[in-house]
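Report on one structure; see the data block that follows.
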Amino acid sequence: MSVQSVLVEYSEAETLVTLSAILFNKRWILLPAAALIVSLNKNSVMNSVDKSIVQVFCGNGWGTGILIDKANGIFITGSHVVKSGDTNPITLKWRNRQFPCTLAYRTPGVPIYDIAVLQCLPRHISEMSQVKFSTKPAKKGENVLAAGYPIFNSLDFIFPVITKGNISLTDSCILHTTCCILAGSSGGAIFRESGELLGVIVCHTTVTLKNEFVVYPKINMAIPISAIRKPLLEYIKTRDGTTLATLDSQDPNEKPIINTDIG
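Quick note on numbering: our numbering labels position 106 of the sequence shown as 97, and the sequence is numbered without any gaps.
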């Protein structure tokens, strides 16, 4: 087992962002220099994450996807990741393999929940593992892991990038975390340290200051899995696409999670 670490620097609106990266068993773990590294002893959790997260390509964009049902080849990702999926092919990449999938559903317009459901042939994912949904709500302050494919759409990251943070805010339709979320992580996962899926990454925070575009990767938003678990499980059980229509909530008391086009 070899462990290698490097520093990665990039510029965002004249602000130099320093990230530390550790290469552990061929997986780059990327995080802000001030963040705490995920314990390298949690191999079982890391392996579970590795086997459930894919990179999603659609048109000129890319993001991340999560395997939620292995038997039927069902994944979830961000709706905006596959916004051109009606006219462009969608390709999933896991490790060094690429395979096609179809768009089963995506929430339209500016929805409360920025979510899409994808489907591929189960034979393509025989070595993957589906995630386990958390049945307990997230708690403010609890430690979490974020997994996705940020920054580089063509670099041969054969494993997802994992960062560590905590839950900073919870609501019925939104989670805020302090994990480092960068472009390409949309549709990725927020996990408990035990490996249970807590949320689906939507975006980080961006603002314009003095005509400059500034990114705050540690102020970000995700959809709580508790808010969308029921229709997803119903779809897995029945394969009836109408069960997913409830993901497009029209509740006037709920506000949309704003998509900042990070992936």
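In this text, a Cβ means the ideal position worked out from N, Cα and C, and glycines have one as well. Small disclaimer: the values here were computed from a predicted structure and weren't measured.
In the structure shown, what three-state DSSP assignment does residue i receive?
| i | result |
| --- | --- |
| residue 229 | helix |
| residue 138 | strand |
| residue 120 | coil |
| residue 51 | coil |
| residue 223 | helix |
| residue 60 | strand |
| residue 81 | strand |
| residue 113 | helix |
| residue 216 | helix |
| residue 68 | strand |
| residue 237 | helix |
| residue 87 | coil |
| residue 159 | strand |
Let me make sure I understand the geometry here. Which of the options has the alpha-carbon closest to that of residue i?
| i | options | result |
| --- | --- | --- |
| residue 178 | 52, 37, 56, 42 | 56 |
| residue 76 | 215, 61, 98, 62 | 98 |
| residue 215 | 188, 235, 230, 222 | 188 |
| residue 150 | 127, 171, 141 | 141 |
| residue 224 | 103, 171, 119, 126 | 126 |
| residue 78 | 220, 172, 51, 213 | 51 |
| residue 168 | 156, 176, 174 | 156 |
| residue 159 | 211, 184, 119, 118 | 211 |
Between which residues of its own chain and residue i is the CB-CB distance below 8 Å, once the five residues before and five after are set aside?
| i | result |
| --- | --- |
| residue 232 | 95, 96, 226 |
| residue 92 | 64, 66, 81, 82, 83, 109, 110, 111 |
| residue 230 | 63 |
| residue 36 | 136, 182, 184, 185, 186 |
What's the C-alpha gap between residue i and residue j?
| i | j | result |
| --- | --- | --- |
| residue 193 | residue 218 | 14 Å |
| residue 38 | residue 153 | 12 Å |
| residue 239 | residue 165 | 15 Å |
| residue -5 | residue 182 | Only weak support is given to the placement of residue -5: the predicted model assigns it a pLDDT of 38, under 50, and the question is left unresolved by the model. |
| residue 54 | residue 100 | 18 Å |
| residue 104 | residue 191 | 10 Å |
| residue 123 | residue 186 | 8 Å |
| residue 235 | residue 134 | 30 Å |
| residue 114 | residue 89 | 12 Å |
| residue 136 | residue 85 | 19 Å |
| residue 117 | residue 228 | 20 Å |
| residue 176 | residue 119 | 19 Å |
Within its chain, find whatever has a CB closer than 7 Å to the CB of residue i; leave out the 5 residues flanking it on each side and keep chain order.
| i | result |
| --- | --- |
| residue 121 | 43, 58, 59, 60, 61 |
| residue 237 | 222 |
| residue 163 | 218 |
| residue 220 | 124 |
| residue 213 | 166, 168, 181, 190, 191, 192, 193 |
Excluding sequence positions up to five away, which residues of its chain have a Cβ less than 6 Å from the Cβ of residue i?
| i | result |
| --- | --- |
| residue 107 | 68, 70, 73, 97 |
| residue 161 | 129, 131 |
| residue 48 | 82 |
| residue 138 | 40, 44, 151, 153, 179, 180 |
| residue 170 | 137, 154, 156 |
Compute every distance between the C-beta of residue i and the non-hydrogen atoms of the ligand MG, then say whether any falls below 6 Å.
| i | result |
| --- | --- |
| residue 213 | Looking for the ligand MG in the displayed structure turns up nothing, as the structure carries no ligands at all. |
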